[in-house]
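Going by numbering that gives the first Met the number 0, the sequence shown opens with residue 0, and the numbers climb by one from there. Beta carbons: idealized from backbone N, C-alpha and C, even for Gly. Only a predicted model underlies this, so the values are computations on that prediction, with no experimental measurement involved.
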Amino acid sequence: MRVLVVGSVNADITVRAPRIPAPGETVLGEDARVSPGGKGANQAVAAALAGASVALCGAVGRDAFREAALSGLTRAGVDLTWLHELDAPTGLALITVAAGGENAITVASGANACVTPAQLPADLTGFTHLLLQGELPVAVTREAARRAHTAGLTVLHNAAPVRDSDPDLLAHTHHLIVNEHELAAFGGRGEAIDAQARALLPRGPQAVTVTLGARGSLTVTAETTYRLPAFPVTSVDTTGAGDTFCGVLTAWLAQGHALQGALHAAGVAAALACTRPGAQDAMPSRAELAAALAR
Ligand code: ADP
Numbered sequence: 000m001r002v003l004v005v006g007s008v009n010a011d012i013t014v015r016a017p018r019i020p021a022p023g024e025t026v027l028g029e030d031a032r033v034s035p036g037g038k039g040a041n042q043a044v045a046a047a048l049a050g051a052s053v054a055l056c057g058a059v060g061r062d063a064f065r066e067a068a069l070s071g072l073t074r075a076g077v078d079l080t081w082l083h084e085l086d087a088p089t090g091l092a093l094i095t096v097a098a099g100g101e102n103a104i105t106v107a108s109g110a111n112a113c114v115t116p117a118q119l120p121a122d123l124t125g126f127t128h129l130l131l132q133g134e135l136p137v138a139v140t141r142e143a144a145r146r147a148h149t150a151g152l153t154v155l156h157n158a159a160p161v162r163d164s165d166p167d168l169l170a171h172t173h174h175l176i177v178n179e180h181e182l183a184a185f186g187g188r189g190e191a192i193d194a195q196a197r198a199l200l201p202r203g204p205q206a207v208t209v210t211l212g213a214r215g216s217l218t219v220t221a222e223t224t225y226r227l228p229a230f231p232v233t234s235v236d237t238t239g240a241g242d243t244f245c246g247v248l249t250a251w252l253a254q255g256h257a258l259q260g261a262l263h264a265a266g267v268a269a270a271l272a273c274t275r276p277g278a279q280d281a282m283p284s285r286a287e288l289a290a291a292l293a294r
């Protein structure tokens, strides 16, 4: 039961400042914090911490940020056989966090934008689940989904950010995961959320999950609707909550759990990730998740 994540790897440089600088303005902030990020790496780490056997296919550069970008993946034991080192800078996210919690993020995709379909694993034997996001070139994500679907894997796709609502990609997706904002990009704006999600089922997915922040999540399948309230926590930083949700959902499905139980575990893990600052650093261990689930 192995999970393949095809996705982005970044180093995040975060500076807390009194406010987000206006155009042309310089604002003096606190010391910078460099931490591992990228939606692909974040979700791979969340899945590995939840106990799944995980491999990541993606790319970094040969520069000084490589190590920071990979530190969480290495610590979580993610298989990096299909991680490519390219002659391009490691992906970077420059994050300014204002005193009020508001943030402004600039992403330099670097090596992530240089990944090509030729760098995907040629043989998917041994993998049961593929987890995708929207931070690699669409041609790579689409080809990964197509090959995995043909090879009989379950394809989970977190369409974040939504690049385009590629019909081919949707047709090869078994489980689509989006937040409310991303859902609206697929059409049906103005309709109720469950109706919007349900309208996507004929386009390919067997399940569509909409994450609703502090309101939990909603999942529709042909047979039923699951509405899961959020696990109550004191939230200090929601960075990485969505990535934790996707990684843990995939890990639990790969470990043979039924959909409802996997959705519950994903929601509890995502809530725990909100209780600490950071993305990968904030994700719960398997023991911590088990303890919260037993509560
Ligand atoms: P994204 O950050 O991708 O927009 P959401 O904000 O919807 O994603 O959060 C993803 C999941 O994290 C939610 O479905 C929920 O389970 C959990 N979550 C987010 N914010 C909170 C919160 N304040 N309290 C508890 N759980 C939360």
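- The three-state reading of DSSP puts residue 124 in coil, since its state is none of H, G, I, E or B.
- Listed in chain order, the beta strand (DSSP E) elements of length 3 or more contained wholly in the region 11-68 are 32-36 and 52-59.
- In this structure, residue 273 has its beta carbon less than 6 Å from a heavy atom of the ligand ADP.
- Taking the Cα positions, residue 60 is about 14 Å away from residue 79.
- Distances taken from the Cβ of residue 9 to the heavy atoms of the ligand ADP include none shorter than 6 Å.
- Counting along the chain, residue 247 sits inside the alpha helix (DSSP H) bounded by residues 240-253.
- For the pair of segments examined, the region 42-49 was found not to touch the region 113-124: the number of CB pairs separated by less than 8 Å stays below three.
- Runs of beta strand (DSSP E) with 3 or more residues, each lying fully within the region 205-245, are found at 206-210, 216-220 and 224-227, listed in chain order.
- Between residue 2 and residue 128, the gap from beta carbon to beta carbon is short of 7 Å.
- Take residue 236, set aside five residues on each side of it, and the residues of its chain with a beta-carbon closer than 6 Å to its own are 276, in chain order.
- Note: residue 83 is bridge-paired with 58 in the DSSP secondary-structure output.
- By the C-beta density criterion, residue 102 is exposed, having fewer than 16 other C-beta atoms within 10 angstroms.
- Between the alpha carbons of residue 165 and residue 75 lies a gap of roughly 32 Å.
- Taking 6 Å as the cut-off, one finds at least one heavy atom of the ligand ADP near enough to the beta carbon of residue 232.
- Where residue 140 is concerned, the enclosing alpha helix (DSSP H) starts and stops at 137-149.
- Counted as a single uninterrupted DSSP element, the alpha helix (DSSP H) harbouring residue 180 occupies residues 179-184.
- Annotated as distal: residue 33 and residue 19, with beta-carbon spacing of 7 Å or more.
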